[in-house]
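Residue numbers (our numbering): -6 to 259.
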């Protein structure tokens, strides 16, 4: 409900601009623009896997915990963009036109904590519960198509697609098992990072609220390739057998994001 209200308010603000604008509109020249934006969304459930060994005698005991987060996690984001938009391309006599653009943008997804429930092999060891407080920085190059419609020169729906990199950082992770209360199996080094290829699709609407200044609101779908992390060994002398470092994998991460922002064209 909160996400629906967020984008509905953005759409209402854009549409409210139209009555105040002059009906005498001319083609808008091409040029550079900058923008800032922020929003809310959710990280969809993803797979998780923890692997390592307990250094037991006479031989190490392999541990393989495999599961998923099971539910989505709320996120917030903010970012900036730099783009170039061309003059509109008329589509025959239809009164429709396209205004293509390219842009480079960067945004930051704030701290969110996916939590996984992972049955352990060997099964006698029960279930591992892993929480991963993480942030993400994303850099993307986008291609945008703005649509001029017969209904308004100042309010423009648009679609876009982009690709780039995501830089993910996990801090103070926790790997717990109810059979071993008080033990964080990543305790000697619970922080790690990785980077991965990312792609994005988006669709929205923007309106000119004053000369060269636009308000926009949009939906984004962001997909980040699977990532891999190495966390520290379990280190509780006298309480827990020593282990190797832990390899931790997260499957492809998907985000549904709802964004609003401002653009200024020079």
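For every residue, glycine included, the Cβ atom is placed at its ideal position computed from N, Cα and C.
Model, not experiment: these values are computed from the prediction.
Next on the checklist: Suppose you measure from the CA of residue 112 to the CA of residue 55; what does that come to, to the nearest Å?
Outcome noted: 14 Å
Item to check | Exposed unless 16 or more other CB atoms sit within 10 angstroms - verdict on residue 86 | outcome: exposed
Item to check | residue 194 versus residue 153: straight-line alpha-carbon distance, rounded | outcome: 6 Å
Checklist entry - Looking at residue 248 and residue 28, is the spacing between their C-beta atoms short of 8 Å? => result no
Item to check | Spatial distance of residue 283 from residue 45 (CA atoms) | outcome: This structure leaves residue 283 out entirely; the chain is present only between -6 and 259.
Next on the checklist: Please return the same chain residues whose Cβ sits closer than 6 Å to the Cβ of residue 233, not counting the five positions on each side in sequence.
Outcome noted: 176 and 227
Checklist entry - Rounded to the nearest angstrom, how far is the Cβ of residue 160 from that of residue 129, given a contact under 8 Å? => result 7 Å
Checklist entry - Can you list, in chain order, the stretches of the beta strand (DSSP E) that have 3 or more residues and sit fully within the stretch 58 to 89? => result 66 to 78
Checklist entry - To the nearest whole angstrom, what separates the beta carbons of residue 244 and residue 39, a pair I think is in contact under 8 Å? => result 5 Å
Checklist entry - With distances taken from CA atoms, which of 256, 235 and 162 is nearest residue 127? => result 162
Checklist entry - Name the DSSP beta bridge partners of residue 240, please? => result 44 and 223
Checklist entry - Smallest Cα separation from residue 168: which of 119, 100 and 66? => result 119
Next on the checklist: At the level of alpha carbons, what is the spacing between residue 170 and residue 121?
Outcome noted: 5 Å
Item to check | Cβ separation of residue 209 and residue 202, assumed to be a contact under 8 Å, to the nearest whole Å | outcome: With a Cβ gap of about 10 Å, residue 209 and residue 202 do not count as contacting.
Next on the checklist: Which same chain residues end up closer than 8 Å to residue 77 when comparing Cβ atoms and leaving out the 5 residues on each side of it in sequence?
Outcome noted: 23, 24, 25, 26, 94, 95 and 96
Checklist entry - What are the uninterrupted segments assigned as beta strand (DSSP E) that are 3 or more residues long and contained completely in the stretch 88 to 115, given in chain order? => result 90 to 105 and 108 to 114
Item to check | Cutoff 8 Å; reference residue 255; Cβ partners in own chain excluding five residues on either side | outcome: 28, 29, 30, 206, 207, 208 and 209
Next on the checklist: Is the separation between the beta-carbon of residue 156 and that of residue 103 shorter than 8 Å?
Outcome noted: no
Next on the checklist: In the DSSP output, what is residue 119 paired with across the bridge?
Outcome noted: Residue 119 pairs with nothing; no bridge assigned.
Item to check | Counted within 10 angstroms of its Cβ, other Cβ atoms place residue 222 as buried (16 or more) or exposed | outcome: buried
Checklist entry - How long is the line joining the alpha carbons of residue 63 and residue 219, rounded to whole angstroms? => result 17 Å
Next on the checklist: For residue 252, tell me which candidate among 92, 137 and 100 has the shortest Cα-Cα distance.
Outcome noted: 100
Next on the checklist: Tell me the DSSP secondary structure of residue 247 in three-state form.
Outcome noted: strand
Checklist entry - Over what stretch of residues does the beta strand (DSSP E) that includes residue 30 continue unbroken? => result 24 to 36
Next on the checklist: With a threshold of 7 Å on Cβ separation, who are the neighbours of residue 43 within its own chain once the five nearest residues in sequence on each side are excluded?
Outcome noted: 58, 111, 121, 123, 168, 239 and 241
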